[in-house]
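Peer 1:
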């Protein structure tokens, strides 16, 4: 399982679920930056990296190897669950946008500067996802939406590497037991294996007991973190190897889950979770 190559005939599907509740305005662990801003920044970087993986050369456009969906979930004064797609580009098929279309239609491109050992470096950053924070955390509704997207994908591409769902959240579900919906999600499967569900628990304030890719719920002292652990899929071996290469002690049985992730950990987690790119053909 989890060996299907990614190409035009069997592309890959990535679904990001983004907690947009009011608490996401609180600063990310180890920074003064709101969690919603950190998440948006890393999702934009991840989309750009996926596009780059699909480019065989600088002289041709990226190929449609990945379909990407970013689903935000929150509540507002009029609805108990607001679940929206955060990316809308021309050519989009429902909630999914192909890397080819994403490359051509960012919301905008920002001119930025970062410090390097050789001094300031100017670069241009495409933006597809904006930060947002309001209301509660309807995680069940978000997983229901992800299930509908994944089910349709598997029907269209039954031989493909199964969909990957990455949920980024800082709090418990406010619309029911998310574990029930997670179980439904992970029952979906392509001919290459069951859907993979990963969870990132985002921290506020200092990081006291961080955990990355645990292989036992006993490693986690927080009840919500233990629930996220049971909801998360076991890392396929090539992803576990990718985590080890990045310096994490991802033992056999490690799951795609992190608790109290700081900025650097979010970057590493997304890199591991989208490492299916090594299967590109």
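Numbering (the numbering used here), first residue to last: 237 to 517.
Glycine residues also receive a C-beta, built at the ideal position from the N, C-alpha and C atoms.
These figures come from a predicted structure and were not determined experimentally.
Output needed for residue 247: all residues of its chain with C-beta closer than 7 Å, excluding positions within five of it in sequence on either side, in chain order.
Peer 2: Translated into positions along the chain shown, residue 247 becomes position 11. Taken in chain order, the residues that qualify are 300, 301, 302, 303, 393, 396.
Peer 1: Taking three-plus beta-carbon pairs below 8 Å as touching, is the segment 447-458 in contact with the segment 474-487?
Peer 2: Judged by Cβ distances under 8 Å, the segment 447-458 makes contact with the segment 474-487, as three or more pairs qualify.
Peer 1: Give me the Cα-Cα distance between residue 328 and residue 383, rounded to the nearest whole angstrom.
Peer 2: In the chain shown, the residue the question calls residue 328 occupies position 92. In the chain shown, the residue the question calls residue 383 occupies position 147. Approximately 18 Å between the Cα atoms of the pair.
Peer 1: From the DSSP output, read off the bridge partner residues of residue 355.
Peer 2: Indexing the chain shown from 1 puts residue 355 at position 119. Residue 355 is bridged to 352.
Peer 1: Going along the chain, which residues of its own chain have a beta-carbon closer than 6 Å to the beta-carbon of residue 323, five neighbours each way excluded?
Peer 2: Start at 1 with the first residue of the chain shown, and residue 323 comes out as number 87. For residue 323, where only same-chain residues beyond five positions count, the Cβ hits under 6 Å are 306, 333, 364.
Peer 1: Check whether the Cβ atoms of residue 475 and residue 433 sit closer than 8 Å, and answer yes or no.
Peer 2: In the chain shown, counting from the first residue as 1, residue 475 sits at position 239. In the chain shown, counting from the first residue as 1, residue 433 sits at position 197. It is not a contact, given that the beta carbons lie outside the stated cut-off.
Peer 1: Taking the CB atoms as reference points, tell me whether residue 368 and residue 272 lie closer together than 8 Å.
Peer 2: Within the chain shown, numbered from 1, the residue matching residue 368 stands at position 132. Within the chain shown, numbered from 1, the residue matching residue 272 stands at position 36. It is a contact, given that the beta carbons lie within the stated cut-off.
Peer 1: For residue 513, I'd like the list of residues in its chain whose CB is within less than 6 Å of its CB, leaving aside the five on either flank, ordered along the chain.
Peer 2: Mapped onto the chain shown, residue 513 falls at position 277. Excluding residues within five positions, the ones whose Cβ falls inside 6 Å are 289.
Peer 1: With a CB to CB cut of under 8 Å and the five nearest residues on each side skipped, what residues in its chain are close to residue 469?
Peer 2: Along the chain shown, one-based indexing puts residue 469 at 233. Answer for residue 469: 422, 430, 431, 432, 433, 434, 491, 492, listed in chain order.
Peer 1: Between which two residues does the beta strand (DSSP E) holding residue 497 run?
Peer 2: For the purposes of this step, residue 497 is identified with residue 261 of the chain shown, where counting begins at 1. Run containing residue 497: 493-497, per the beta strand (DSSP E) assignment.
Peer 1: Can you tell me which residues form a DSSP beta bridge with residue 429?
Peer 2: The residue you call residue 429 lines up with position 193 of the chain shown. Per DSSP, 426.
Peer 1: Can you list the alpha helix (DSSP H) stretches of 4 or more residues lying completely in the segment 257-341, in chain order?
Peer 2: As far as the segment 257-341 is concerned, its whole alpha helix (DSSP H) runs of at least 4 residues are 271-289, 335-340.
Peer 1: Taking the straight line between their C-alpha atoms, what separation do you get for residue 245 and residue 516?
Peer 2: If you number the chain shown from 1, residue 245 lands on position 9. If you number the chain shown from 1, residue 516 lands on position 280. Looking at the two C-alpha atoms, the distance is approximately 12 Å.
Peer 1: Confirm, please, whether the CB-CB distance from residue 436 to residue 494 is below 8 Å.
Peer 2: Within the chain shown, the letter at position 258 stands for residue 494. Within the chain shown, the letter at position 200 stands for residue 436. Contact flag set, yes.
Peer 1: Per DSSP, which one or two residues make a beta bridge with residue 248?
Peer 2: Locating residue 248 in the chain shown gives position 12, counting from the first residue. According to DSSP, which records beta bridges pairwise, residue 248 is partnered with 302.
Peer 1: Using a threshold of 7 Å, is the CB atom of residue 256 nearer than that to any non-hydrogen atom of the ligand ZN?
Peer 2: With respect to small molecules bound, the structure shown includes none, and the ligand ZN cannot be examined in it.
Peer 1: Can you tell me where the beta strand (DSSP E) with residue 401 in it begins and where it stops?
Peer 2: Start at 1 with the first residue of the chain shown, and residue 401 comes out as number 165. It spans 400-405 - the beta strand (DSSP E) in which residue 401 sits, taken as one unbroken run.
Peer 1: Sort out for me which residues DSSP pairs residue 254 with in a bridge.
Peer 2: What you label residue 254 is simply residue 18 of the chain shown in a count that begins at 1. The partner list for residue 254 (beta bridge, DSSP) reads 308, 404.
Peer 1: Three-state secondary structure (DSSP) at residue 466?
Peer 2: Numbered from 1 along the chain shown, position 230 holds the residue referred to as residue 466. Residue state, collapsed to three classes: helix.
Peer 1: Taking the Cβ atom as the reference point for each residue, do residue 440 and residue 409 lie within a distance shorter than 8 Å?
Peer 2: For the purposes of this step, residue 440 is taken as residue 204 along the chain shown, with counting starting at 1. For the purposes of this step, residue 409 is taken as residue 173 along the chain shown, with counting starting at 1. For residue 440 and residue 409, no; Cβs fall outside 8 Å.
Peer 1: What number of angstroms, rounded off, separates the C-alpha of residue 507 from the C-alpha of residue 294?
Peer 2: Within the chain shown, residue 507 is the residue found at index 271, counting from 1. Within the chain shown, residue 294 is the residue found at index 58, counting from 1. Computed Cα separation, rounded: 22 Å.
Peer 1: Beta carbon of residue 426, beta carbon of residue 398: below 8 Å?
Peer 2: As a working mapping, residue 426 is identified with position 190 in the chain shown. As a working mapping, residue 398 is identified with position 162 in the chain shown. Yes. Within cutoff.
Peer 1: Check this for me: beta carbons of residue 264 and residue 498, under 8 Å apart or not?
Peer 2: Looking up residue 264 in the chain shown gives position 28. Looking up residue 498 in the chain shown gives position 262. In this structure, residue 498 lies closer than 8 Å to residue 264 by Cβ.
Peer 1: What distance in whole Å lies between the Cβ atoms of residue 357 and residue 406, which are believed to be in contact at a cut-off of 8 Å?
Peer 2: Locating residue 406 in the chain shown gives position 170, where the first residue counts as 1. Locating residue 357 in the chain shown gives position 121, where the first residue counts as 1. Actually they are not in contact, since the Cβ atoms of residue 406 and residue 357 sit about 32 Å apart, beyond 8 Å.
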